[in-house]
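Following our numbering, the numbering of the sequence shown begins with 658 at its first residue and continues without gaps.
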Amino acid sequence: MKVTFPHCGSAWVPLKTLFDKHGVGCVVPPPTSKRTLTLGVAHSPEWMCLPYKVLLGNLIEGLELGADTVINVGGPNLCRLGCYARLQEQTLRSMGFNFEMVIFDWQEQQILGLAKFIRRLLGGDKPWTQIARDIRHGIFGQLRLMEELEQRVHWVRPRESEKGAASKVCRSAGDRVAAAHTPEELKRVRGELFSELDSIPLDPQAQPPRVKLLGEFFVAIDPFCNMDIEEELGKRGVEVTRAAYLTEWAKIWLLLQAVGLGHDHKVKKAASPYLSRDVSGDAMQSVGETILHRKEGFDGIIHIMPFTCLPEIIAQNIMPKVTKEHQIPVLTVIVDEQTNKAALITRLEAFVDLMERRRRHAPLTGQR
Ligand code: SF4
658 MKVTFPHCGS AWVPLKTLFD KHGVGCVVPP PTSKRTLTLG VAHSPEWMCL PYKVLLGNLI
718 EGLELGADTV INVGGPNLCR LGCYARLQEQ TLRSMGFNFE MVIFDWQEQQ ILGLAKFIRR
778 LLGGDKPWTQ IARDIRHGIF GQLRLMEELE QRVHWVRPRE SEKGAASKVC RSAGDRVAAA
838 HTPEELKRVR GELFSELDSI PLDPQAQPPR VKLLGEFFVA IDPFCNMDIE EELGKRGVEV
898 TRAAYLTEWA KIWLLLQAVG LGHDHKVKKA ASPYLSRDVS GDAMQSVGET ILHRKEGFDG
958 IIHIMPFTCL PEIIAQNIMP KVTKEHQIPV LTVIVDEQTN KAALITRLEA FVDLMERRRR
1018 HAPLTGQR
């Protein structure tokens, strides 16, 4: 068996470790690139949302490299994501690939289902205690470390004296964390990575504007789809805080849902005057978090979404009212395969100017 899977943030790190550790063949698709997108677009309906096309491109590249088993997610009660796996399977078969697709339905199966799913992929005979240790090491060890590093990089980038130093450490992290198969090795890698970040010289005068990046989960966390928006803002002296993280998602969907809890009650409550029910995707979070983050003193919100994403179109239509009533600048960024990075950067620069001007006038108006 040779397993492949689409990219989703740093999920490839624990997946590679898991399969390498247990001697299961694993093909990590090449990092998402222009070729990935071109392949995905060529074999997708035009109206499909960008994540579908990118993930399909990842799977094509993984199968081209010899994989024979595809891991995917799906299930009912979701937006288009619920039918991604079946549609992609049909497309890949019509392209002549021969493989088995295994689908994890996280809403139905949660943490126990994940354990069964992993055990099956590893051959069906591993002890449950080993599976539990692997899940803990993968999600709450490796993935958490990758996300803590990203958060640290977001803080260092707008303050670093030598531009690009934090991004360089961040780019080297994936392979180093994937090579850490035990908690002891992970502890050592953590120490090395954080000390590299802590040794970057900082500008003591820097007072970066703070931006919250939120919106559709996949494009918010995928640097190819969002055109390195976090790095581009960091280079322009902005501290970015992202709302979406895979470990947070895992905590909500795999653990809290399993004990009858679920999405953050505060987010739902904040969104409720504008959106009374969950419309799938991340629309509720986009609206609720915009309001909550205004109260946390952010200078601006960037709401990012794929073109044709219905849940985020609903959120986008609510945003002008939220912006007016809560006095916070919101920049909506819509991405698809036609989006031009130069145009995005021009819009980001204008938004940074706007936030800085608001800051300068804050003592006069009493608002930020
Ligand atoms: S949230 Fe939007 S972009 Fe994401 S899968 Fe659903 S419809 Fe597509």
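The C-beta atom is built at its ideal place from N, Cα and C for all residues, glycine as well.
In whole angstroms, what is the alpha-carbon distance linking residue i and residue j?
| i | j | result |
| --- | --- | --- |
| Leu738 | Trp704 | 14 Å |
| Lys773 | Met658 | 18 Å |
| Asp855 | Cys740 | 44 Å |
| Pro865 | Gly891 | 9 Å |
| Glu718 | Ala823 | 29 Å |
| Phe955 | Arg867 | 5 Å |
| Ala877 | Glu849 | 27 Å |
| Ala907 | Ile796 | 8 Å |
| Glu969 | Pro784 | 42 Å |
| Leu1021 | Arg1014 | Note that Leu1021 scores 49 on pLDDT, short of 50, meaning its location in the model is unreliable and no value can be drawn from it. |
| Ile788 | Asn997 | 44 Å |
| Gly723 | Phe676 | 16 Å |
| Asn974 | Gly938 | 15 Å |
| Gln798 | Ile886 | A small fix is needed here, since residue 798 is Gly in this sequence, not Gln. Taking the straight line from one Cα to the other gives about 26 Å. |
May I ask you to report which of helix, strand or coil DSSP gives residue i?
| i | result |
| --- | --- |
| Gly682 | strand |
| Glu994 | coil |
| His960 | strand |
| Val727 | strand |
| Met884 | coil |
| Glu805 | helix |
| Arg1016 | helix |
| Thr904 | helix |
| Lys892 | helix |
| Phe1008 | helix |
| Met658 | coil |
| Ile717 | helix |
| Ile985 | coil |
| Ile768 | helix |
| Thr965 | coil |
What residue from the options has the CA that sits closest to residue i's CA?
| i | options | result |
| --- | --- | --- |
| Pro986 | Thr1003, Cys683 and Arg1016 | Arg1016 |
| Glu1006 | Val727, Ile959 and Gly781 | Ile959 |
| Thr689 | Leu932, Leu713 and Ser701 | Leu713 |
Can you have a look at residue i and say buried or exposed, based on whether 16 or more other CB atoms are within 10 angstroms of its CB?
| i | result |
| --- | --- |
| Lys825 | exposed |
| Thr695 | exposed |
| Thr636 | Because the chain here runs from 658 to 1025, residue 636 falls outside it and cannot be looked at. |
| Lys923 | exposed |
| Val942 | In the sequence as displayed, the identity of residue 942 is Gln instead of Val. Counting Cβ neighbours within 10 Å, Gln942 comes out buried, since at least 16 surround it. |
| Gly1023 | Summary for Gly1023: the model assigns pLDDT 46, below 50, so the residue's position carries little reliability; its value from the coordinates is reported in the next sentence. Its Cβ having fewer than 16 others within 10 Å, Gly1023 is exposed. |
Rounded to whole angstroms, how far is the Cβ of residue i from the Cβ of residue j, which I believe are closer than 8 Å?
| i | j | result |
| --- | --- | --- |
| Leu911 | Ile768 | 4 Å |
| Glu946 | Leu871 | 5 Å |
| Val681 | Cys882 | Between Cys882 and Val681 the Cβ distance is about 28 Å, and since that is not below 8 Å, they are no contact. |
| Met752 | His700 | 7 Å |
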